[in-house]
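This report refers to the structure that appears directly beneath it.
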Amino acid sequence: MPVDRRPKRPSATDRLAASIANATFLGRRIADVTAALRRRTVPNHWTNLFGVVTLACIVVVFVTGVILMFWYTPSSATTTYTGGYLPLHGAEVSQAFASTMRISFDIPGGLLIRQAHHWAGLLLPASIIMQLLTTFFTGAFRRPRRGMWVLLVLVFIVALVGGWSGYALPDDMLSGTGLRIVEGIALGVPFVGTWAAALLFGGSFPGQVIDHLYPLHVAIVPALLVALVTLRGLAAWHRKPPQFPGPGRSEENIVGVPLWPDAAARAGGLFAIVTGLILGISATVTVNPVHLYGPADPGNAGAGSQPDWYTGFLDGALRLVPAGWEVVWLDRTWTLAILVPLVVVGAFFVAITVYPFVEEWASGDRRDHHLLQRPRNAPTRTAIGVAAIVFYGTLWIAGSADVISTHFDVAFEHVITVLQATLVLGPVVGFVIARRVCLALQRKDHELLLHGYETGRIVRLPGGEYVEVHRPIGEYERWRIGVVDSPRPLALRPDSRGRLPLGRRLRVRVSRFFFEDRIEVRAPVGAVEAIGAIGEIEGGAERMVTDAASKTDAASKTDAASKADAAGVTDVATSADPEAAALATHPAGAPVRR
1 MPVDRRPKRP SATDRLAASI ANATFLGRRI ADVTAALRRR TVPNHWTNLF
51 GVVTLACIVV VFVTGVILMF WYTPSSATTT YTGGYLPLHG AEVSQAFAST
101 MRISFDIPGG LLIRQAHHWA GLLLPASIIM QLLTTFFTGA FRRPRRGMWV
151 LLVLVFIVAL VGGWSGYALP DDMLSGTGLR IVEGIALGVP FVGTWAAALL
201 FGGSFPGQVI DHLYPLHVAI VPALLVALVT LRGLAAWHRK PPQFPGPGRS
251 EENIVGVPLW PDAAARAGGL FAIVTGLILG ISATVTVNPV HLYGPADPGN
301 AGAGSQPDWY TGFLDGALRL VPAGWEVVWL DRTWTLAILV PLVVVGAFFV
351 AITVYPFVEE WASGDRRDHH LLQRPRNAPT RTAIGVAAIV FYGTLWIAGS
401 ADVISTHFDV AFEHVITVLQ ATLVLGPVVG FVIARRVCLA LQRKDHELLL
451 HGYETGRIVR LPGGEYVEVH RPIGEYERWR IGVVDSPRPL ALRPDSRGRL
501 PLGRRLRVRV SRFFFEDRIE VRAPVGAVEA IGAIGEIEGG AERMVTDAAS
551 KTDAASKTDA ASKADAAGVT DVATSADPEA AALATHPAGA PVRR
């Protein structure tokens, strides 16, 4: 059958798209951007996916927030509720609470939109925390990405502020209890506390707090989020993407897939999956049922109230401070039960923000780094990260100390005492254990580079010695576990005048703290080739043992011994086999029987 080999004529839409792309400025600009995206290569690793999850949460929050703005009334003025929820008919509520109830019960699809907004707001801090953790433990914050780390921390803080301000807008009993706590904290700050409380609430509680928080939630926080995410995206575009070590990968080149269309298609698929999951959860799982909490009341508080999970560490910090911490100074009462948690949490965030600069100062390394590190290869950094996780986790658990007490029938005072001890001792214990584990894993990698994998096969040499067969690791594995760049501690040297300034001595001490405990995970020159020849050496050893055994059997003229030693070498499938345990104590030179 004849085949028509004439080129297919382009369709009308293809010809129109080509003419627009070639004849207009916008078309040429789009073509240039598409070509630049095709030329850019990005690594293909799972740690890059958390940014897509964060972007999906931000988009869902923005879209659902804009829709909710059409029906929400940001006012603390009272009104009589006459909506679709009959148990509250005739109750005096704020207009903010009444509009929230109308969205949930009277507007079709309103409850889905409100819950999607809330679920996305809950997932957003979690995805940012995962970005922070993967960035920290892999060393992706090193030069030239220190500014991107600071931007990511600021994105997290802005997300916390946005979630807290939105948490208060329904004006239900739960959010009212949280606002009462905020007022108490503000009033407990000397000198500026009264002014800050008046500015936020506009008078005595509850004042006009809804009217003041609404612009923060719908204008200031979104603008800051867009600005910070845009700045971070531009910074990422102008720098090489970091990648893990591997064959062909170096500080100068990137091994991966084109940004367009490969990486963009994968990111778009994950974006759609995250969006669908948020909507699916919002349609099936209830969150923040304000109709069950009831309207806010300045004279009442909800029992067992819990904040959203991402602010639980703030509540826990207040609960772990011992009671009665107050001093009188400058004719004012300084409530340490409020000031100490504020200082500790503030110092914690400052330490997180400036950590890249401290590590660079301690190492003295000002080079650009585009290869990531395995957490085990930076033991002190990993140990600091584990200590920070233990510290944050203890504060977070303390936010639910009352729930733990009631559910497990334990005295509340005992729960607080255990958490106080964990807050002090837990980070230290976590630091020590994490660093020792990292060093042990480094030693294991070093042995793998030198000797290869244990196969579990036991070989008997002519002299009666038993050795285990090792196989060399693959090329990719050597690239993965080998340390490309291991910082060394700074050496203490005097300056040009022969002096040792205090600042230099302090820097050397910090550098030793960071980099003194390490194991060089590098295979010596020729070690890989030696490992690769193990198979040939063992094969020769097996032949030697077989020849010697044959001669011995011929001399002894014993058929049973001849059969036992005909193989010359006994294989053991795994070292966990009972026969392998018997080999460990078998007399040297005696025949081994299966």
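Going by our numbering, the sequence shown opens with residue 1, and the numbers climb by one from there. Note that beta-carbon positions come from the ideal geometry of N, C-alpha and C, so glycine has one too. Small disclaimer: the values here were computed from a predicted structure and weren't measured.
Reduced DSSP category for residue i - H, G, I as helix; E, B as strand; rest coil
i	result
Ser-597	Residue 597 lies beyond the stretch modelled for the chain, which goes from 1 to 594, so this question has no answer here.
Asp-172	strand
Arg-478	helix
Thr-82	coil
Glu-252	coil
Tyr-453	strand
Val-42	strand
Ser-333	For the sequence presented, residue 333 should be read as Thr rather than Ser. It is a strand residue.
Arg-471	strand
Ala-541	Annotation note: pLDDT 41 at Ala-541 (below 50); position unreliable, coordinate value reported separately. Note: Ala-541 maps to helix in three-state DSSP.
Pro-87	helix
Asn-300	coil
Asn-288	coil
Thr-177	helix
Glu-520	coil
Thr-13	helix
Ser-405	helix
Gln-306	coil
Asp-559	Annotation note: pLDDT 43 at Asp-559 (below 50); position unreliable, coordinate value reported separately. DSSP places Asp-559 in helix when its eight states are reduced to three.
Ala-323	coil
Val-189	coil
Ser-76	coil
Residues near residue i in its chain [Cβ-Cβ closer than 7 Å; skip 5 each side]
i	result
Leu-112	Ser-282, Ala-283
Ala-378	Gly-139
Ala-12	none
Ala-267	Val-52
Pro-587	Because Pro-587 carries a pLDDT of 36, less than 50, the predicted location of this residue cannot be relied on, and no value is offered for it.
Leu-49	Leu-270
Limits of the alpha helix (DSSP H) - the one that residue i falls within
i	result
Trp-237	221-237
Val-386	379-398
Val-209	209-215
Trp-195	193-201
Asp-106	Looking at the DSSP string, Asp-106 is not in any alpha helix (DSSP H), and its letter there is neither H nor E.
Ala-317	312-319
Thr-134	110-137
Thr-64	49-69
Leu-490	No alpha helix (DSSP H) contains Leu-490, which DSSP labels as neither H nor E.
Phe-515	502-515
Residue(s) in a DSSP beta bridge with residue i
i	result
Arg-460	Tyr-466
Pro-427	Partner(s): none; Pro-427 has no beta bridge.
Gln-243	Leu-371
Pro-295	Asp-172
Pro-258	Thr-41
Cβ-based neighbour list, residue i, same chain, cut-off 8 Å, excluding 5 preceding and 5 following
i	result
Phe-141	Thr-135, Met-148, Trp-149, Tyr-355, Pro-356
Val-161	Leu-216, Val-221
Ser-99	Trp-71, Tyr-72, Thr-73
Asp-495	Pro-501, Arg-504
Leu-16	none
Ile-404	Ile-397, Val-410, Val-415
Cutoff 6 Å; reference residue i; Cβ partners in own chain excluding five residues on either side
i	result
Trp-325	Leu-336, Ala-337
Phe-244	Leu-372
Thr-177	Ala-301, Gly-302, Ser-305
CB of residue i within 8 Å of CB of residue j, strictly
i	j	result
Pro-144	Asp-365	no
His-118	Val-287	yes
Pro-258	Thr-41	yes
Leu-395	Phe-313	yes
Val-189	Leu-200	no
Pro-125	Tyr-293	no
Pro-295	Asp-171	yes
Phe-156	Arg-180	no
Arg-319	Gly-399	yes
Arg-38	Trp-195	no
Glu-520	Val-483	yes
Ala-362	Val-510	yes
Pro-472	Ile-254	no
Val-93	Thr-82	no
Val-290	Met-101	yes
Arg-493	Phe-515	no
Unbroken beta strand (DSSP E) run spanning residue i, endpoints
i	result
Glu-599	Since the first and last residues shown for the chain are 1 and 594, residue 599 lies out of range.
Trp-329	326-329
Residue i: CB within 7 Å of a non-hydrogen atom of the ligand PLP
i	result
Thr-230	You won't find the ligand PLP in this model; it holds no ligand whatsoever.
Test: residue i CB closer than 8 Å to a CB of chain D
i	result
Glu-475	Absent from the structure: chain D. Only one protein chain is present.
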